[in-house]
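This note's numbering puts the first residue of the sequence shown at 6, with every later residue one more than the last. Reading through the structure tokens given below for one structure.
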Amino acid sequence: MKTPRTGLPTAPEPTEANPVATDPTSANPVVVNPADGKPVDLGPLVPVLFGFAAFQQLRAASELQLFEYLTLNGPSTCDQVAAGLRLPPKSARKLLLGTTSLGLTEHEEGRYAPSPMLRDAIDGGVWPLIRNIIDFQHRLSYLPAMEYAESLRTGKNEGLKHLPGSGGDLYSRLEQALDLENLFFRGMNSWSELSNPVLLHQVDYAGVRDLLDVGGGDAVNAIALARAHPHLRITVFDLEGATEVARDNVAAAGLADRISVVAGDMFGDPLPDGFDLVLFAHQFVIWSPEQNRALLKRAHEALRPGGRVAVFNAFADDDGCGPLYTALDNVYFATLPAEESTIYRWSEHEDWLTAAGFADITRVRSDGWTPHGVIEGRKPDA
6 MKTPRTGLPT APEPTEANPV ATDPTSANPV VVNPADGKPV DLGPLVPVLF
56 GFAAFQQLRA ASELQLFEYL TLNGPSTCDQ VAAGLRLPPK SARKLLLGTT
106 SLGLTEHEEG RYAPSPMLRD AIDGGVWPLI RNIIDFQHRL SYLPAMEYAE
156 SLRTGKNEGL KHLPGSGGDL YSRLEQALDL ENLFFRGMNS WSELSNPVLL
206 HQVDYAGVRD LLDVGGGDAV NAIALARAHP HLRITVFDLE GATEVARDNV
256 AAAGLADRIS VVAGDMFGDP LPDGFDLVLF AHQFVIWSPE QNRALLKRAH
306 EALRPGGRVA VFNAFADDDG CGPLYTALDN VYFATLPAEE STIYRWSEHE
356 DWLTAAGFAD ITRVRSDGWT PHGVIEGRKP DA
């Protein structure tokens with residue numbers, strides 16, 4: 006192969022299999038479409054190729070408390086940021102270049118300030134939740150995500166190899182690493198607070214008195230529901246390890262008179278019965294379609310005639326083409342939680358509900374920025 010003076014190899018000629026060729030004679034090779042001779046815009050690849058670096062810019066800003074500093078001190082110069090964060094000036098320049106290019110900070114007349122999005126997050130009390138999620142992504146999700154391709158090949162959650170302990174799912178590993186378990190619950194609770202407005206405010210609870218929260222974990226959603234709807238009486242049903250934490254949280258919230266906690270295995274033990282609504286929050290993204298259908302049949306048995314089941318989690322679009330949040334979040338579900346975990350389509354949930362005997366199936370889409378929603382079905386009257 007001839008090597009031009011640039012040191013770059015000669016580009017192959019366009020072929021049917023490879024219709025796009027590059028011009029290697031420039032220090033910055035141009036990708037040209039041979040059909041019309043026009044350059045191909047590869048700009049959209051930049052945030053994908055450097056997605057890992059974009060996250061690290063955000064993580065560094067969070068860890069160094071850049072946004073808190075700018076909020077407290079007002080618009081600041083690079084030198085002021087360096088002094089305030091105790092960074093070398095060159096490090097502050099790198100950080101501010103990254104955050105400003107990503108739209109996390111803005112620059113005007115030599116001074117930097119949080120972007121309107123970040124200001125709203127800070128003023129609205131959301132930023133601490135985002136920080137918890139950043140920590141979750143960095144310490145729990147980041148390395149396992151490298152196993153995504155291998156997980157696709159094998160159909161298994163290959164990212165577990167990056168976590169200590171033994172066991173075939175994330176949850177058994179977390180039980181063996183208390184620091185990671187605490188991190189997991191902080192992250193999940195933060196996701197719940199960000200995504201559960203659709204559950205709290207867009208679902209009709211007017212005809213509901215008794216609610217069963219299956220797999221309710223540490224009772225984060227039960228507590229939020231009880232506060233938002235004072236007429237509800239809620240039972241949290243989960244494994245013994247989770248219910249210990251749930252009881253403490255319910256007591257600390259002063260809601261022990263309205264929220265009860267029952268230990269049990271949602272697959273192996275009978276569900277408590279006599280409820281107006283059975284809730285599955287963030288559960289169906291963990292299990293297989295067969296397991297989800299089985300859970301819905303159990304819910305059908307636990308409901309009073311005319312009662313409803315509600316499934317709350319993130320959803321994929323019916324055409325399988327989005328949304329982007331779901332596509333990216335699914336890397337976590339493919340590599341970590343369980344072998345079958347994934348984010349399913351709305352239509353798949355409808356099929357499961359129908360097979361379990363539910364009628365009047367409705368979708369409740371979130372008004373927020375996450376693709377969470379609630380899909381409901383009603384048990385026919387006796």
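Glycine is no exception: its CB is placed at the ideal position from the N, C-alpha and C atoms. Nothing here was measured: the structure is a model prediction, and the numbers come from that model.
query	result
Where does the unbroken beta strand (DSSP E) through histidine 112 begin, and where does it stop?	110-113
Using a threshold of 8 Å, state whether the C-beta atoms of proline 119 and threonine 76 are closer than that.	yes
Just how far apart, CA to CA, sit arginine 124 and asparagine 318?	28 Å
List the endpoints of the continuous beta strand (DSSP E) containing valine 369.	364-370
Is the beta carbon of tyrosine 153 closer than 8 Å to that of alanine 339?	yes
In this structure, does DSSP put histidine 377 in helix, strand or coil?	strand
What is the DSSP secondary structure of asparagine 187, counted as helix, strand or coil?	helix
Any idea what DSSP makes of serine 156, helix, strand or coil?	helix
Touching or not, the region 53-64 and the region 74-93, by the rule of three or more beta carbon pairs under 8 Å?	no
What's the gap between the Cα of glutamine 296 and the Cα of alanine 233?	31 Å
Give the DSSP-derived three-state secondary structure of arginine 232 in the structure shown.	helix
Would you mind working out which of Gly269, Val203, Glu113, Tyr330 sits nearest glycine 246, comparing C-alpha positions?	Gly269
If we ignore side chains and look at the alpha-carbon of each, how far apart do leucine 109 and valine 53 end up?	18 Å
Count the other CB atoms within 10 Å of the CB of alanine 97; is the residue buried (16 or more) or exposed (fewer)?	buried
Sort Leu282, Asp209, Leu148 by Cα distance to threonine 240 and report the nearest one.	Leu282
Consult DSSP for glycine 404 and reduce its assignment to one of helix, strand or coil.	For the chain, the structure presents residues 6 to 387; residue 404 sits outside this window and is missing.
Please report how far the alpha carbon of methionine 151 lies from the alpha carbon of valine 336, in whole angstroms.	9 Å
Do the region 304-315 and the region 248-263 make contact, defined as three or more Cβ pairs closer than 8 Å?	no
Which residue or residues does DSSP assign as beta-bridge partners of leucine 358?	Per DSSP, none; premise fails for leucine 358.
Contact check, leucine 216 vs leucine 205 under 8 Å by CB: the rounded distance?	So it is not a contact: roughly 12 Å between Cβ atoms.
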